[in-house]
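Here the sequence shown stands for residues 4 to 198, where the numbers follow my numbering.
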Amino acid sequence: MKEIILASQSPRRKMLLEWAEVPFRVIVQNTDESFPADLPRTEIAMHIARNKAHAAKNYVQSAFHGELSQRPVVAADTIVVLDEEVINKPVDRADAIRILKSLSGKQHKVITGVVILHGHEETAFADVTEVVFYELTEEQIVFYVDKYQPYDKAGAYAIQEWIGVVGIRSINGDFYNVMGLPVSRVVQALHTINP
Numbered sequence: 004m005k006e007i008i009l010a011s012q013s014p015r016r017k018m019l020l021e022w023a024e025v026p027f028r029v030i031v032q033n034t035d036e037s038f039p040a041d042l043p044r045t046e047i048a049m050h051i052a053r054n055k056a057h058a059a060k061n062y063v064q065s066a067f068h069g070e071l072s073q074r075p076v077v078a079a080d081t082i083v084v085l086d087e088e089v090i091n092k093p094v095d096r097a098d099a100i101r102i103l104k105s106l107s108g109k110q111h112k113v114i115t116g117v118v119i120l121h122g123h124e125e126t127a128f129a130d131v132t133e134v135v136f137y138e139l140t141e142e143q144i145v146f147y148v149d150k151y152q153p154y155d156k157a158g159a160y161a162i163q164e165w166i167g168v169v170g171i172r173s174i175n176g177d178f179y180n181v182m183g184l185p186v187s188r189v190v191q192a193l194h195t196i197n198p
């Protein structure tokens, strides 16, 4: 597979693409991550990912010439939804603790939107995984937040960290989607446009 442009600084997305042996170069531009209030929940992450993808593509086309400007651009965004409420990244320690208390003992959805731009074509999809936490004690939540400081993570947790190992009762869907990228689905899409 040819090298792609990854419009994300997420260490987890980079790691998943490395595991899948997809060659990539990271090029990220700052973008607005707001979204229309009436947007369906499954479309929010795609809306934000689309903005990221177009910003990176526009930069590549203006700053580089030749082959690099022709490479597919892949962008993704992950949100957590609890009872139709979008749970963002925590703003501080107290907010992280509040978020995890709200997720404790309940099912929530992790939705990752992916947008791939290639030439004038766009491939976009959202992958949904349902996650159920056990009832978490306050001691567990505080321990996790203080040790792992999950302030850059939607829903204030990472499934591959301690809280995922001990606190998650079940998942329905793609495990890697919860990490931030439904990588097998991305690879399938890339094979159709970037053999």
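Every residue gets a Cβ at the ideal spot worked out from N, C-alpha and C, and that includes glycine.
Considering only the beta carbon of each residue, do residue i and residue j sit closer than 8 Å?
i	j	result
E66	A10	The amino acid at residue 66 is misidentified as Glu; the sequence shows Ala. Not closer than 8 Å, so no.
I30	I47	no
D80	K60	no
R44	V84	yes
A157	K104	no
G116	I162	no
V134	M49	no
Going by alpha carbons, who is nearest to residue i out of the options?
i	options	result
Y137	Q163, T115, S173	S173
P148	H194, G116, V94	Contrary to the premise, residue 148 reads as Val rather than Pro in this sequence. The shortest Cα separation from V148 among H194, G116, V94 belongs to V94.
V131	V118, I114, E124, P153	I114
E142	S107, E124, H121	S107
F128	P153, V190, E24	V190
G176	L42, H111, D98	H111
L120	R188, I196, E70	I196
By Cβ distance below 7 Å, which residues in the same chain neighbour residue i in space, the five residues on each side in sequence not counted?
i	result
L19	Y179, M182, L184, V186
I100	I144, V145, V148
I166	Y147, Y160
D155	K92
R96	V148
E88	none
Here's a check: name, in chain order, each residue in its chain whose Cβ is nearer than 8 Å to the Cβ of residue i, leaving out the five neighbours to either side.
i	result
Q64	S72
K17	L9, S11, F27, V29
E6	P26, F27, R28, R74
From the DSSP secondary-structure annotation, give me the bridge partner or partners of residue i.
i	result
A129	G116
L9	V29, V77
E124	H121
F178	Answer is none; F178 lacks a bridge partner.
Q110	V135
For residue i, collect the residues of the same chain with a Cβ closer than 6 Å to its Cβ; drop the 5 residues on either side in sequence, then sort them by chain order.
i	result
Y151	E164
G170	F136, Y137, L139
Item to complete: Note down, one range per segment and in chain order, each beta strand (DSSP E) of at least 3 residues found wholly within the stretch 34-108.
Response: 76-85, 88-90
Practice prompt. Would you list, in sequence order, the uninterrupted alpha helix (DSSP H) runs of no fewer than 4 residues that lie entirely inside the stretch 147-176?
Written response: 165-170
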